[in-house]
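Asks: Handing you a structure now.
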Amino acid sequence: MELRDHYERTIDYLRISITDRCNLRCIYCMPPQGVRFFEHKEILTYEEIVRVVRLAAALGVRKIRITGGEPLVRKNIVYLIESLRTIKPIEDICLTTNGILLENYAKDLASAGLSRVNISLDSFKPDRYRQMTRGGDITKVMKGIQAAEDAGLMPLKINMVPIRFLNDDEIEDFARLTLQIPYHVRFIEFMPMGPQGLWNSERYIASDSLKAVVERIGPLVPVRLRRTGPARYFRFNGARGVIGFISALTHHFCGDCNRLRITSDGKLRPCLFSETEIDLKPALRNYSSDKEIQRLLRLSIEVKPVGHNIQQRTDLLSLKTMSRIGG
Ligand code: SAM
Ligand code: SF4
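Residue numbering for the sequence shown follows the working numbering, starting at -11 and increasing by one per position.
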C-alpha cells in the first residue's frame, strides 16, 4: 500500500510531537516564560499514538520521527519506542532532541529499537549555548552525544540554526567537525516562527550564503544519500562526515515532501507552514473505528498543499511555535 497525494508525492513519513513541554527555552523557539502548555489530558496518550501509527503504517507510512517540545522530558519514552518497534512495516524510528537528557536514555532507547537521533546544538561555546537556550548546560549535551554514539545511534545528526550576530561565527567550526568525525552536520535556515520580534531579514542567513561560508574551508562535493528528506548534502574531499543544508525558505523542498505531522494535542498537520489541521483526538476518544481514523489520515493528505508561500506571507510570526508543532 502506498499513500500518494494529489501532486504524486508518496507520503511515507510521520513526525509526531509527543509533548509541547521543554527543559530549555531557546530564544528562537520559545518565549522566556514558555507558552501555555497543554494539560496532560490534552495530549495524546502513548496508546493513542501507537494506534495512529499502526493505522498509518497499514496505509504506507514507513518512517517515524519522535519530536517535541523536548521528547525526552515525557515519561516512559522507552516504552513508546518499544511499542512502535512492534509495528512491523515501520522501518525507521528516529528522535529529535536537544540532547540534555540523552546521556540517561541513549542505551535504553537503542535497545528499545530507536534507529537514530538528531541533536540540536547551536553553539560550542558554553556561555553562548547557555544564553541561546536560556540556561542549558552544554556539557550535558556533549555527554549525550557521546552516549548516543556509544549506543550505536549512528549516523548521528547535529542540527544547527545559524543566526546572524548570534552564532554565525561558528559555522566553520561546525562544518570542520565533519573532517574527522562521521556525523551529519546540518545547517537549518532560521525560520520566521517562534517568539515575536526575533526573526528578521538581517538575522536570517540563506543556505547559499551558509554554503559560501563553509566553502572557505574547502570545496564541497555533492553527496547522494539514500533518503535525504529536505536537506541537500555535501562533503569535503576525504571527510568522514557530511554537511547538509535545510533551506526552508530559499529552496523549495515541497516538491519532494513526503511527510505528515501530528502535534502533541493530536492535530494532523499536512504542512509545517500551513495552519490547516485535522483533529484526530475526538475520533480517537469517541471510539471511532480504525476505518474512520484512516479516513482522517487520508483526508490530511488530500488537503496537503502543493507548497508553501512563506516568503509572501505577513502573518508568519503568529504561526504556532515549533515546540508546539515539532519542528
Ligand atoms: N526539542 C527538540 C530539539 O530542540 O531538537 C525537538 C523539537 S525542536 C522544535 C526541533 C527543531 O526545530 C530543532 O532543531 C530547532 O533548532 C528547530 N527550530 C525551532 N525553532 C526554529 C526556528 N524558528 N527556525 C529554525 N529552526 C527552528
Ligand atoms: Fe525546546 Fe527544542 Fe524549542 Fe529549544 S528548539 S526550546 S530545545 S523545543
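Quick reminder that beta carbons are idealized off the backbone N, C-alpha and C, glycines included.
Would you kindly check if the distance between the Cβ of residue 231 and the Cβ of residue 208 is under 8 Å?
Replies: Yes.
Asks: Taking 8 Å as the threshold, find out whether the stretch 24 to 44 comes into contact with the stretch 191 to 198 through three or more Cβ pairs.
Replies: Verdict: no, contact absent.
Asks: Of all the options 170, 187 and 104, which has the alpha carbon lying nearest to the alpha carbon of residue 179?
Replies: That would be 187, whose Cα lies nearest to the Cα of residue 179.
Asks: Taking the CB atoms as reference points, tell me whether residue 266 and residue 279 lie closer together than 8 Å.
Replies: No, these two residues do not count as a Cβ contact at 8 Å.
Asks: Is residue 84 near ligand 1, in the sense that its beta carbon is under 7 Å from a heavy atom of that ligand?
Replies: Result yes, Cβ under 7 Å from ligand 1.
Asks: Here's the rule: buried if 16 or more other CB atoms are within 10 angstroms of the residue's CB, otherwise exposed. What is residue 106?
Replies: With 16 or more Cβ atoms within 10 Å of its Cβ, residue 106 is classed as buried.
Asks: When DSSP labels each residue in this structure, what does residue 44 get in the three-state scheme?
Replies: Here residue 44 sits in helix by DSSP.
Asks: Whose CA, out of 223, 169, 246 and 98, lies closest to the CA of residue -5?
Replies: Selected option, being the one with the closest Cα: 246.
Asks: Look at the Cβ atom of residue 168, then the Cβ atom of residue 228, and state whether they are nearer than 8 Å.
Replies: Yes, these two residues count as a Cβ contact at 8 Å.
Asks: Taking 8 Å as the threshold (C-beta atoms), are residue 116 and residue 86 in contact?
Replies: No.
Asks: With DSSP collapsed to three states, give me the class of residue 4.
Replies: Looking at residue 4 - three-state DSSP - the assignment turns out to be strand.
Asks: Between which two residues does the beta strand (DSSP E) harbouring residue 222 extend?
Replies: It spans 219 to 224 - the beta strand (DSSP E) in which residue 222 sits, taken as one unbroken run.
Asks: Using only CA atoms, which one of 148, 40, 51 and 62 lies nearest to residue 101?
Replies: It is 51.
Asks: Can we say the stretch 43 to 58 touches the stretch 270 to 277, given the rule of at least three CB pairs closer than 8 Å?
Replies: At 8 Å Cβ cutoff, the stretches do not touch.
Asks: Confirm, please, whether the CB-CB distance from residue 53 to residue 4 is below 8 Å.
Replies: Against a cut-off of 8 Å, the Cβ pair of residue 53 and residue 4 comes out as a contact.
Asks: Look at the alpha carbon of residue -1 and the alpha carbon of residue 77, and state the distance between them as a whole number of angstroms.
Replies: Their Cα atoms are separated by approximately 14 Å.
Asks: Mapping DSSP to helix, strand and coil, what is residue 302?
Replies: Its pLDDT being 49, under 50, residue 302 is placed unreliably by the model, and nothing is read from it.
Asks: Could you compute how far the alpha carbon of residue 328 sits from the alpha carbon of residue 198?
Replies: The first residue shown for the chain is -11 and the last is 315, placing residue 328 beyond what the model contains.
Asks: Please report the straight-line C-alpha distance between residue 302 and residue 166, rounded to a whole angstrom.
Replies: Because residue 302 carries a pLDDT of 49, less than 50, the predicted location of this residue cannot be relied on, and no value is offered for it.
Asks: Can you tell me where the beta strand (DSSP E) with residue 147 in it begins and where it stops?
Replies: Unbroken beta strand (DSSP E) run through residue 147: 145 to 148.
Asks: Answer yes or no: do residue 38 and residue 2 have a C-beta to C-beta separation smaller than 8 Å?
Replies: No, Cβ-Cβ distance for residue 38 and residue 2 is not below 8 Å.
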